[in-house]
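Participant: Got a structure for you, written out below as structure tokens; questions coming shortly.
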Amino acid sequence: MQVYPDLASPRIMGILNVTPDSFSDGGRYNSLERALVHARAMIAAGADIIDIGGESTRPTAQRIPVQEEIDRVVPVVAALRKESDSTISVDTSSPEVMREAVAAGASIINDVRALSRPGALEVAAEFQVPVVLMHSLLDQQEPGVVPVYDDIVAAIGDYFLERVRLCELAGIKRENIILDPGFGGGMFGKTPALNYELVKRFDEFKKFGFPLLAGVSRKGFIGTVLDNTADERMVASVALAVLLAQVGAQILRVHDVRETADALAMLRAVADA
Ligand code: PT1
9 MQVYPDLASP RIMGILNVTP DSFSDGGRYN SLERALVHAR AMIAAGADII DIGGESTRPT
69 AQRIPVQEEI DRVVPVVAAL RKESDSTISV DTSSPEVMRE AVAAGASIIN DVRALSRPGA
129 LEVAAEFQVP VVLMHSLLDQ QEPGVVPVYD DIVAAIGDYF LERVRLCELA GIKRENIILD
189 PGFGGGMFGK TPALNYELVK RFDEFKKFGF PLLAGVSRKG FIGTVLDNTA DERMVASVAL
249 AVLLAQVGAQ ILRVHDVRET ADALAMLRAV ADA
């Protein structure tokens with residue numbers, strides 16, 4: 009079984025949302041079947057990792073009870089693990105969801121709160137699986153207070169170093185840490201201008217020596233330039249994914265797997281010429 013793909017060339021993480029807003033018509037069986045159909049399509053299209061998430065962190069989303077998140081996510085992880093060897097990551101901040109998802113076959117924990125919820129560091133240390141530490145404002149004390157950054161890259165870098173320090177104290181190995189600056193507005197905390205600056209300066213995060221993940225797919229900052237809706241942002245998302253791969257992103261979290269895979273194949277063909 010392929011537990012964790014080689015990160016020498018950029019890998020594609022396909023987004024599998026199992027939130028109610030992504031399956032608004034669903035009964036449970038229906039939503040499980042739909043999730044599996046979507047996962048199979050992304051695997052066939054070239055996804056290296058399937059990222060399964062039950063809590064929406066988009067700017068307008070609501071919080072959900074942890075049991076509901078487990079009920080949405082874990083059956084999909086288990087069913088996909090049963091039929092496929094592909095790497096599964098679980099997009100969650102709840103230690104309970106992490107525990108059950110890893111037990112069901114997930115081999116990466118993707119946490120937009122960088123293991124800041126009580127018990128999350130301990131679960132990640134216990135299972136010794138790779139963890140994605142993402143920067144956001146989701147774990148800050150005063151919700152809604154958006155900091156004024158003197159230097160966004162330096163501020164995120166300081167946050168990474170503090171989270172890495174706490175990971176190591178908890179017993180998480182350095183080789184299991186992946187960093188993500190957390191592109192996006194809302195509680196991800198970046199204005200459109202800051203998102204573009206983060207793309208431009210993404211290479212500066214290489215100095216920490218950890219693999220880097222970037223998730224820009226269909227996000228709002230694209231729409232502020234193109235004045236379009238999320239479903240019209242595929243080409244722009246692929247363009248940004250190529251730029252990010254070129255400056256050091258090893259994992260690209262995307263909706264449009266086939267298109268991103270084709271674009272990255274061109275990058276590789278040119279690199280190999
Ligand atoms: C991400 C990410 C994620 N994004 C990782 N996990 C989301 N590691 C969920 C907007 O401004 O970038 N990295 N899990 C989705 N969250 C958002 C946030 C979606 C903001 C859209 C926006 O449009």
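Numbering (the numbering used here), first residue to last: 9 to 281.
Heads up, the beta-carbon is just placed ideally off N, CA and C, and yes, glycines get one too.
Helix, strand or coil: how does DSSP classify Thr268 here?
Facilitator: For the purposes of this step, residue 268 is taken as residue 260 along the sequence shown, with counting starting at 1. It is helical.
Participant: What number of angstroms, rounded off, separates the C-alpha of Lys215 from the C-alpha of Cys175?
Facilitator: As a working note, residue 215 is residue 207 in the sequence shown. As a working note, residue 175 is residue 167 in the sequence shown. Those two C-alpha atoms are separated by around 18 Å.
Participant: What number of angstroms, rounded off, separates the C-alpha of Arg276 from the C-alpha of Leu220?
Facilitator: Here residue 276 refers to the residue found at position 268 of the sequence shown. Here residue 220 refers to the residue found at position 212 of the sequence shown. One C-alpha to the other measures close to 18 Å.
Participant: Give me the DSSP bridge partner(s) of Asn236.
Facilitator: In the sequence shown, counting from the first residue as 1, residue 236 sits at position 228. DSSP, once it has assigned bridges, lists no residue as partnering Asn236.
Participant: Starting from Arg89, trace the alpha helix (DSSP H) in both directions and tell me its first and last residue.
Facilitator: As a working mapping, residue 89 is identified with position 81 in the sequence shown. It spans Val74 to Glu91 - the alpha helix (DSSP H) in which Arg89 sits, taken as one unbroken run.
Participant: Suppose the cutoff is 8 Å on Cβ atoms and the five residues either side in sequence are ignored; what does the same chain contact list for Ala86 look like?
Facilitator: Here the question's residue 86 lines up with position 78 in the sequence shown. So the list reads Ala112 and Gly113, once near-sequence residues are dropped.
Participant: Could you compute how far the alpha carbon of Gly22 sits from the alpha carbon of Val110?
Facilitator: Sequence index remark: in the sequence shown, residue 22 carries index 14 (1-based). Sequence index remark: in the sequence shown, residue 110 carries index 102 (1-based). For Gly22 and Val110, the distance between alpha carbons rounds to 18 Å.
Participant: For Thr95, list the residues DSSP reports as bridge partners.
Facilitator: Within the sequence shown, residue 95 is the residue found at index 87, counting from 1. Thr95 pairs with Ile57.
Participant: To the nearest angstrom, how far is the alpha carbon of Val81 from that of Ile72?
Facilitator: In the sequence shown, residue 81 corresponds to position 73, counting from 1. In the sequence shown, residue 72 corresponds to position 64, counting from 1. In a straight line, the C-alpha of Val81 is about 13 Å away from that of Ile72.
Participant: Skipping 5 residues on each side, what residues in its chain have a beta carbon closer than 6 Å to that of Gly228?
Facilitator: Position 220 of the sequence shown holds residue 228. For Gly228, where only same-chain residues beyond five positions count, the Cβ hits under 6 Å are Gly193.
Participant: Rounding to the nearest angstrom, what Cα-Cα distance links Glu267 and Thr232 in this structure?
Facilitator: Here the question's residue 267 lines up with position 259 in the sequence shown. Here the question's residue 232 lines up with position 224 in the sequence shown. So the two alpha carbons sit approximately 22 Å from each other.
Participant: Can you tell me whether Gly193 is helix, strand or coil according to DSSP?
Facilitator: Here residue 193 refers to the residue found at position 185 of the sequence shown. Reduced to three states, the DSSP call for Gly193 is coil.
Participant: Take every Cβ of the stretch 61-72, pair it with every Cβ of the stretch 35-52, and state whether three or more of those distances are shorter than 8 Å.
Facilitator: No, because fewer than three Cβ pairs between the stretch 61-72 and the stretch 35-52 fall closer than 8 Å, the two stretches do not touch.
Participant: Starting from Ile20, trace the beta strand (DSSP E) both ways and give me its first and last residue.
Facilitator: Within the sequence shown, numbered from 1, the residue matching residue 20 stands at position 12. It spans Arg19 to Asn25 - the beta strand (DSSP E) in which Ile20 sits, taken as one unbroken run.
Participant: In the DSSP output, which residue or residues are listed as bridge partners for Asp280?
Facilitator: Numbered from 1 along the sequence shown, position 272 holds the residue referred to as residue 280. Paired residue(s): none; Asp280 is not in a bridge.
Participant: Just reading off the alpha helix (DSSP H) that Asp166 is part of, what are its end residues?
Facilitator: Mapped onto the sequence shown, residue 166 falls at position 158. Ile160 to Ala178 is the span of the alpha helix (DSSP H), which, as asked, contains Asp166.
Participant: Three Cβ pairs or more, each shorter than 8 Å: is that satisfied between the stretch 245-257 and the stretch 166-173?
Facilitator: No, the stretch 245-257 is not in contact with the stretch 166-173.
Participant: With DSSP run on the structure shown, which of helix, strand or coil describes Ala222?
Facilitator: The sequence position of residue 222 within the sequence shown is 214, counting from 1. Note: Ala222 maps to strand in three-state DSSP.
Participant: Identify which residue in Pro103, Ala132, Arg89 and Met50 has its Cα closest to the Cα of Ile186.
Facilitator: Here residue 186 refers to the residue found at position 178 of the sequence shown. Ranking Pro103, Ala132, Arg89 and Met50 by Cα distance to Ile186 puts Ala132 first.
Participant: Does the beta-carbon of Arg209, which I'm using as the reference point, lie nearer than 7 Å to any heavy atom of the ligand PT1?
Facilitator: Position 201 of the sequence shown, counted from the first residue, corresponds to residue 209. Outside the cutoff, so no.
Participant: Which residue from Arg107, Asp56, Gly179 and Asn25 puts its Cα closest to that of Leu260?
Facilitator: Here the question's residue 260 lines up with position 252 in the sequence shown. Ranking the options by Cα distance to Leu260, first place goes to Asp56.
Participant: Measure the alpha-carbon distance for Gly197 versus Asp79 and round it to whole angstroms.
Facilitator: Position 189 of the sequence shown, counting from 1, holds the residue named residue 197. Position 71 of the sequence shown, counting from 1, holds the residue named residue 79. Going by the C-alpha atoms only, they are around 29 Å apart.
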